[in-house]
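One structure is given below, encoded as structure tokens.
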Amino acid sequence: MSTEPFKNVSLIAQSNQLLGLYTIIRDKNTSRPDFIFYSDRIIRLLVEEGLNHLPVKETIVETETNEKFDGVSFMGKICGVSIVRAGESMEQGLRDCCRSVRIGKILIQRDEETALPKLFYEKLPDDISERYVFLLDPMLATGGSAIMATDVLIKRGVKPERIFFLNLICSKEGIDKYHAAFPDVRIVTGAVDKGLDENKYLIPGLGDFGDRYYCI
Amino acid sequence: MSNVVDESNFLSPMMDGGSGSMITKERRRSSVISMESGKTKYMPPWTTPYIIGIGGTSGSGKTSVAAKIVSSIDVPWTVLISMDNFYKPLNQEDRKRAFANEYDFDEPAAIDTDLAYECILSLKEGKKTTIPVYSFINHNRDPDKSINIYGASVIIIEGLYALYDKRLMDLMDLKIFVDADLDVCLARRLSRDIVSRGRDLAGCIQQWERFVKPDAVKYIRPTMGNADAIVPSLADNSVAVQLLISHIRIKLRLKSQEHLSELIKLGNSDLRDISTLNTVHVLEQTNQVRSIMTMLLDKNLKRDDFVFYFDRISSILVSNALNDIPIKELVTIETPEGNTINDAIKCDFNSVMAVNIIRSGDCFMRSLKNTIPSIVIGKLLIQSDSQTGEPQLHCEFLPPEIKEYKTVFLMEAHIITGAASIMAIQVLLDHDIPLENIKLVVFIATELGIKRILNAFNDKINIFAGKIVTTKEIQNEGCEWSITKFIDTRYFGCN
């Protein structure tokens with residue numbers, strides 16, 4: 001869980017397994033079923049890493065053998081917020097860990113006139129300000145839409161240190177830009193890519209995640 | 001539980017009909033590997049099987065004595081092997097003579113004693129062994145059939161010449177000769193050959209006079225002198241058989257006591273701190289792991305929550321055990337945007353298989369399948385004897401090409417004494433899986449159990465545990481839950 005050289009970034013352990021999973025999803029020749037399956041596996045690891053950061057309180061339970069066991073339980077409520085459309089691919093991974101989790105949506109699209117991201121739609125739980133929020137978006141390239149989405153959350157009263165931004169791939173530029181705006185949001189990721197090309201795509205990246213997950 | 005194997009009878013799942021008849025090659029290869037990866041300190045019951053030889057003339061009642069012994073000693077994995085399986089395959093000329101009842105099946109030379117010795121020796125060494133099947137209809141070894149035997153703790157070899165070859169007899173712990181008058185033998189033989197083997201009366205009588213009787217007198221009756229005990233067959237022999245059975249029982253009890261005490265000894269004097277070993281990987285006790293553990297230990301947790309959260313933690317465990325999967329190769333790939341990645345790590349997830357110890361290992365089934373959808377899953381049924389607590393191997397279902405897998409996960413939800421895991425690991429070693437390819441994955445384990453496993457296999461086995469409860473914790477805090485099986489009971493919802 002190294003955070004070097006970034007603060008407040010959880011990079012999941014770069015094991016053979018994880019690197020092998022990334023090789024599969026980055027390869028353009030990977031079939032869609034495989035892309036979905038192996039992306040889902042990485043998403044699961046991201047969600048689990050995110051859950052590790054939630055606070056717990058001491059709890060005593062009684063075991064089958066009628067003994068007291070000093071354990072812990074999660075405090076507070078969580079919710080997921082996905083950035084439509086690609087972020088929705090990560091909802092199932094969250095649901096697989098937290099069955100009845102509430103999931104809000106934020107739709108941000110590039111405005112054709114200004115070429116800037118524009119908020120089109122948001123639907124969030126009413127009590128979101130009391131919750132820990134898992135913000136879901138698979139790629140952090142320039143950070144434009146993630147910053148806008150986080151801004152929506154903060155305006156709704158969510159505390160920045162209670163937001164966890166989960167993505168599969170990010171860039172150094174994206175992390176810097178995002179953290180310049182929200183230094184207290186923890187980024188949970190599995191890969192930090194070299195940089196961005198002239199079109200602001202990640203290098204090497206894996207193509208358009210939403211297209212590969214939903215369309216092609 | 002006991003099972004009888006002869007040419008027509010292989011009831012147990014441990015004896016699967018296979019097509020391989022390369023018994024010599026198979027065995028030698030196994031022995032070599034066992035020398036390399038061997039030197040383990042654990043001796044499972046099947047590396048010291050109790051071998052009983054039962055000889056006697058044709059029709060003397062060997063089979064019925066053997067059957068009585070098998071049904072009276074309550075040991076899983078009693079195997080009855082007929083020497084008939086080792087008849088030499090006949091060439092075309094001999095086969096013609098055999099069909100004309102002119103071939104002497106009753107002389108010692110008709111039996112491939114070398115092969116019989118090799119097979120029994122291989123069984124005595126605890127190896128998986130292939131026994132040929134002889135077809136009396138074709139008077140030849142059946143090319144499509146063979147019997148694989150593995151894990152027997154009692155082996156009974158029955159046949160005319162069971163007590164003939166010195167090498168074979170040296171492997172036996174008890175030698176029994178069943179004695180019957182030859183006229184009784186003839187009567188039994190006629191009814192058997194005509195009714196069950198489809199021969200005609202004249203041929204049978206011709207064979208008896210020409211071969212069976214003279215051979216019995218010349219070769220078989222003298223082997224009576226090699227026997228430890230001679231059982232009469234004409235009258236009621238139940239007293240004699242009971243005496244033998246009592247003797248065998250005492251010997252087996254001693255053997256099982258030795259096995260148990262060896263198991264208990266392993267690890268008892270081991271005072272190391274196992275958390276420093278690089279083969280023992282305990283799941284990082286993160287907030288998430290601790291909170292799931294707390295829920296699973298709560299007796300008031302509803303069953304569907306128990307199943308859900310066990311699946312959660314087992315997914316974490318399985319994924320954790322997969323982290324250092326061997327790299328298959330480094331490849332160059334291209335991303336959809338046309339970027340090239342050199343030396344990308346490629347792992348072959350299908351080179352991983354799992355073996356579940358029934359029943360608790362089956363709790364991992366779902367997480368295994370969710371992690372590697374097409375994963376091959378073998379099974380081992382190992383149960384503790386209700387009276388002595390001795391672990392006993394009842395069944396093994398393993399893929400034939402098990403050696404091809406680079407990683408074998410051995411799954412067990414809860415390790416208390418470590419006995420079943422030790423036995424399971426030994427089964428995998430006997431199937432030529434190198435120790436370093438085996439990863440034992442367990443949810444809750446006691447320190448003592450883990451130490452026994454480590455000691456039995458010289459610390460070479462990789463263990464991935466959700467939580468290890470130390471001996472100190474058990475002494476100071478009770479932790480009764482860590483030494484009480486509850487996981488599979490809760491997961492499957494029945495005792």
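Chains D and Z, in that order, give the protein sequences. Under UniProt numbering, the first residue of the first sequence carries the number 1, and numbering increases by one thereafter. Under UniProt numbering, the first residue of the second sequence carries the number 1, and numbering increases by one thereafter. Built from N, CA and C at the ideal position, the CB exists for glycine as well. Keep in mind it's a predicted model, so treat the numbers as computed, not measured.
Exercise for the section: Return yes when the Cβ of Z/Phe306 is within less than 9 Å of the Cβ of Z/Arg490, no when it is not. Expected result: Closer than 9 Å, so yes.
Handout entry: the region 153-172 of chain Z contacting the region 230-246 of chain Z, beta-carbon criterion three pairs below 8 Å
Key = Judged by Cβ distances under 8 Å, the region 153-172 of chain Z makes no contact with the region 230-246 of chain Z, as fewer than three pairs qualify.
Handout entry: Beta-carbon proximity check, D/Ala181 vs D/Asp151, cutoff 9 Å
Key = Cβ atoms of D/Ala181 and D/Asp151: closer than 9 Å.
Handout entry: Cβ pair D/Ile12, D/Gly190 closer than 9 Å
Key = Cβ atoms of D/Ile12 and D/Gly190: closer than 9 Å.
Problem - Assigned secondary structure, Z/Glu125 (DSSP; H/G/I helix, E/B strand, else coil) - result: The answer is coil: DSSP assigns Z/Glu125 none of H, G, I, E or B.
Handout entry: First and last residue of the uninterrupted beta strand (DSSP E) at residue 511 of chain Z
Key = Given that chain Z is displayed from residue 1 to residue 495, the structure contains no residue 511 of chain Z and the question cannot be resolved.
Practice task
Quick one: grab the DSSP three-state call for Z/His139.
Solution key: Looking at Z/His139 - three-state DSSP - the assignment turns out to be coil, as it is neither helix nor strand.
Problem - Those residues which DSSP pairs with D/Phe35 across a bridge - result: Bridge partners of D/Phe35: none, in fact.
Handout entry: Inter-residue Cα distance where the pair is Z/Glu118 and Z/Ile358
Key = Put simply, the backbone Cα of Z/Glu118 is about 32 Å away from that of Z/Ile358.
Exercise for the section: Would you kindly work out how many angstroms separate the C-alpha atoms of D/His53 and Z/Glu401, rounded to a whole number? Expected result: In a straight line, the C-alpha of D/His53 is about 43 Å away from that of Z/Glu401.
Handout entry: Any chain Z beta carbon closer than 9 Å to D/His179
Key = Not one chain Z Cβ lies under 9 Å of D/His179.
Exercise for the section: Would you mind telling me which residues of chain D sit closer than 7 Å to Z/Cys347, beta carbon to beta carbon, in chain order? Expected result: In chain order: Asn16, Gln17 and Gly20.
Handout entry: Chain-ordered neighbours of Z/Ile333 on chain D, where CB pairs are closer than 8 Å
Key = Per Cβ cutoff of 8 Å: Thr23, Arg26, Asp27, Lys28 and Asn29.
Problem - Range of the contiguous beta strand (DSSP E) that encloses D/Gln109 - result: Note, D/Gln109: beta strand (DSSP E), Arg102 to Arg110.
Handout entry: Z/Arg210 to Z/Thr57 span [Cα, whole Å]
Key = Rounded to the nearest angstrom, the two C-alpha atoms are 15 Å apart.
Practice task
Please determine if the region 244-257 of chain Z and the region 24-42 of chain D are in contact, where contact requires at least 3 C-beta pairs separated by less than 8 Å.
Solution key: In this structure the region 244-257 of chain Z does not touch the region 24-42 of chain D; the number of beta carbon pairs closer than 8 Å is below three.
Handout entry: Z/Ser314 - DSSP class collapsed to helix/strand/coil
Key = In the structure shown, the three-state DSSP call for Z/Ser314 is helix.
Problem - Residue range of the unbroken alpha helix (DSSP H) whose run includes Z/Asn85 - result: Segment: none, Z/Asn85 is in no alpha helix (DSSP H) and carries neither H nor E.
Problem - Between the CA atoms of D/Asp70 and Z/Glu477 - distance to the nearest angstrom - result: So the alpha carbons of these two residues sit roughly 11 Å apart.
Practice task
Look up D/Gly210 in the DSSP assignment and say whether it is helix, strand or coil.
Solution key: Of the three classes helix, strand and coil, the one that applies to D/Gly210 here is helix, per DSSP.
Handout entry: Proximity test, Cβ basis, 9 Å: D/Leu45 and chain Z
Key = So yes, D/Leu45 belongs to the interface.
Handout entry: Anticipated Cβ contact below 8 Å, residue 518 of chain Z with Z/Asp215, distance rounded
Key = Beyond the ends of chain Z as shown, which are 1 and 495, falls residue 518 of chain Z; an answer cannot be given.
Handout entry: Same chain, Cβ closer than 6 Å to Z/Tyr309, neighbours up to 5 away in sequence not counted
Key = Closer than 6 Å at Cβ, skipping near neighbours: Ile292, Met295 and Leu296.
Practice task
Determine which residues of the region 466-491 of chain Z have a Cβ less than 7 Å from any Cβ of chain D, and write them out in chain order.
Solution key: Here the close residues are Gly478, Glu480, Trp481, Thr484 and Phe486.
Problem - Separation of Z/Ile176 from Z/Asp228, as counted between CA atoms - result: Z/Asp228 and Z/Ile176 have their C-alpha atoms roughly 6 Å apart.
Practice task
State the DSSP-derived secondary structure class of Z/Phe349, mapped to helix, strand or coil.
Solution key: Secondary structure of Z/Phe349 (DSSP, three-state): helix.
Exercise for the section: Would you kindly report the start and end of the unbroken alpha helix (DSSP H) that includes Z/Asn323? Expected result: Annotation for Z/Asn323: no alpha helix (DSSP H) segment contains it, and DSSP assigns it neither H nor E.
Practice task
Determine the direct distance from the alpha carbon of Z/Thr286 to that of D/Ser10, and round the result to whole angstroms.
Solution key: For D/Ser10 and Z/Thr286, the distance between alpha carbons rounds to 14 Å.
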